[in-house]
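Asker:
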Amino acid sequence: MSKPSNSFTPKFNNTYIKWLPELGQVITPARFETPAWLITSDDVSELLQNRNEETPSSAKDWHSKDMLAWFAGQTEQPGAQPFAQKYTGHQFGHYNPQLGDGRGVLLGEVESSQGRFDIHVKGAGQTPYSRFGDGRAVVRSSIREFLASEALHHMGIPSSRALGVFTTGEQVQRETLEPGAALIRICPSHIRFGHFENAFHHGDEDLQRRLVEYCIEHVLPRTHSDFTEFNQIADPSIEQKTLALFRFVIRRTAEMVAKWQAFGFCHGVMNTDNMSILGITFDFGPYGFLDQYNPGHICNHSDHSGRYAFDEQPGVALWNLNVLGHSLSGILDEHTLRTELQNYEPHLLAEYSSLMRSKMGFVNQQTDDRVLLGELLNIMAGNKTDYTIAWRTLSEVQAPESDASPFVNLFVNRTQAQAWLDKYKQRLSLETTTASQRTLQMKAVNPKYILRNYLAQQVIEAAEQGDTQPLKTLYDVLQKPFDEQPQHQEFAKHPPAWSEELSISCSS
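In this note's numbering, the protein residues as written are 8 to 515.
Next up, the structure:
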């Protein structure tokens, strides 16, 4: 394997391998002879720039042929250490001790002006944890994760990021033969709940403590308000460090799930090995945004019991946090763990209530706001109303003289919708903001454009035929989800009837 020919050399600091060498194996990624960029993100490459160097890199450096050759396993980068992580986890509620990066490789950890970021290639070939898999990924799944991670980020939902997708030149067998591809995923850390489960179930107390120490020293944002008290401790004990970590994860997980619920996002496979210690959305599989509002919506056709249905997500997140707490029980006592877990629901409700008041245009909190919101959601569910379009349309009927028919006409039972709208406008009389101010504020939290499954499917099919322009156009639209973008109105319309037949599974 050769070294790159360009002068641009990222700065690496492979902390994970230094602190936790037993949680994975150094590997050689698969070599792809004819890689080609499918799509790249200048926005994400900016995260990786190190402007402290004498000759700072540019965003284009990360999308160069030399970097593509590295991502495709043709060359090495000085200081990078490709590593497949090992962890365990609960999948659909059942513990699985044989988990790890089965097709992903942590190529290295880059030091940039904005922090340290994992460079992770998903689809980089077989690893010791592939089990019976081929370690490959396909265009379909790679595009879906690229679009999802970027769409969520630009909506304000914590998420991993994606630097780009490249085709591998291979054909990969799934339900049918599909074109191969790989995704370059970027995030501050890939530490999962499953890492802590691994240490606990192996009875490795030293590893448990090192995991906590590592997260405190290298992963968690110590500037976060949850660490204010902790940062004042001169020489914190391992118990104090573990408590600080657990508190942070509980809050961040609650806030993330509240945002999922407010914006109508279904993750689809909330196994504990897919839960980030940073409270960010990652490991996208059969996800989906709600079209019609259905609180029981199941986006993963493999989820036969509905364990990960839309309205189950808050409860599943708490279940997963209990599993994490159990994995920390060798350090913290049961009473402390249970006390901390009781803070999850208040964090969740506070974040969700705040988001939903903003979506309704309420600045002043009133006792009956929850009732009014509940009535609207019930009407949406009963009328199978499009969730995103209903909220966006509500943003546009704020002025007393505005035409209410666009909103009312979204519902089959228009009388019911009008009655609710009359109550809503009565409630608005208690607000001090003007109608025009409220419209602007509501449009800033009620997206016009979301990543609907049918839109993703259309650009995937075009990309598989060699046409990447629809993909790039959709990506551009999703970077500005709250803007009007009059030239792209077709992306904000109701989904076609055929989209209801789309079935999304875990296959990739």
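Just so it is clear, CB atoms sit at the ideal spot from N, CA and C, and this is done for glycine as well.
1) Just the Cα atoms here: how many angstroms apart are Thr134 and Leu114?
2) Grouping DSSP H, G and I as helix and E and B as strand, with all else coil, what is Lys479?
3) For my contact list, Arg199 and Ile126 are in at a C-beta cut-off of 8 Å; report their separation, rounded to the angstrom.
4) For Pro503, I'd like the list of residues in its chain whose CB is within less than 8 Å of its CB, leaving aside the five on either flank, ordered along the chain.
5) How is the alpha helix (DSSP H) around His160 delimited, first residue to last?
6) Going by beta carbon distance, what residues of the same chain come within less than 8 Å of Val330, once the five residues before and after it are set aside?
7) Give a yes or no on whether the C-beta atoms belonging to Trp326 and Gly100 are separated by under 9 Å.
8) If you follow the beta strand (DSSP E) that Ala169 is part of, which residue opens it and which one closes it?
9) Between which two residues does the beta strand (DSSP E) holding Asn371 run?
10) Under the rule that 16 or more other beta-carbon atoms within 10 Å means buried, what is Gln349, buried or exposed?
11) Could I get the ranges of all uninterrupted beta strand (DSSP E) runs contained in the segment 184 to 227, with 3 residues as the minimum, in chain order?
12) At what residue ranges does the segment 277 to 348 contain a whole run of the alpha helix (DSSP H), taking only runs of 4 or more?
13) Just to confirm, are Glu471 and Val146 a CB contact at a threshold of 9 Å?
14) Leaving aside the five residues before and after Gln84 along the sequence, list all residues of the same chain whose C-beta is less than 6 Å from its C-beta, in chain order.
15) Output yes or no for whether 9 Å exceeds the beta carbon distance between Ala463 and Ile150.
16) How close, in whole Å, do the beta carbons of Arg124 and Gly31 come, if the pair is a contact with beta carbons under 8 Å?
17) Would Asp233 pass as a contact of Glu157 if the rule is Cβ separation under 9 Å?
18) Whose CA, out of Leu328, Gln476, Asp490 and Ile338, lies closest to the CA of Ala261?
19) DSSP state of Ile245, grouped into three classes?
20) Is the segment 364 to 382 in contact with the segment 243 to 252, if contact means three or more CB pairs nearer than 8 Å?
21) Quick check on DSSP: helix, strand or coil for Arg421?
22) Determine whether the beta carbon atoms of Ser436 and Gln405 lie at a separation below 9 Å.
23) Who are the near neighbours of Arg58 in its chain, counting only those whose CB is closer than 8 Å to its CB and skipping five residues on each side?
24) Hey, how far is the Cα of Gly80 from the Cα of Pro104?
Answerer: So, from the data block:
1) 13 Å
2) helix
3) Contact doesn't hold; Cβ gap of about 17 Å is too wide.
4) Tyr461
5) Val146 to Met162
6) His97, Phe200, Glu204 and Thr279
7) yes
8) Arg168 to Gln180
9) Element bounds for Asn371: n/a, residue is neither H nor E.
10) exposed
11) 184 to 194
12) 320 to 334 and 341 to 348
13) yes
14) Trp77
15) yes
16) The displayed chain sequence assigns Phe, not Arg, to residue 124. At roughly 18 Å, the Cβ-Cβ gap does not stay under 8 Å, so Phe124 and Gly31 are not in contact.
17) no
18) Leu328
19) helix
20) no
21) helix
22) no
23) Ser120
24) 29 Å
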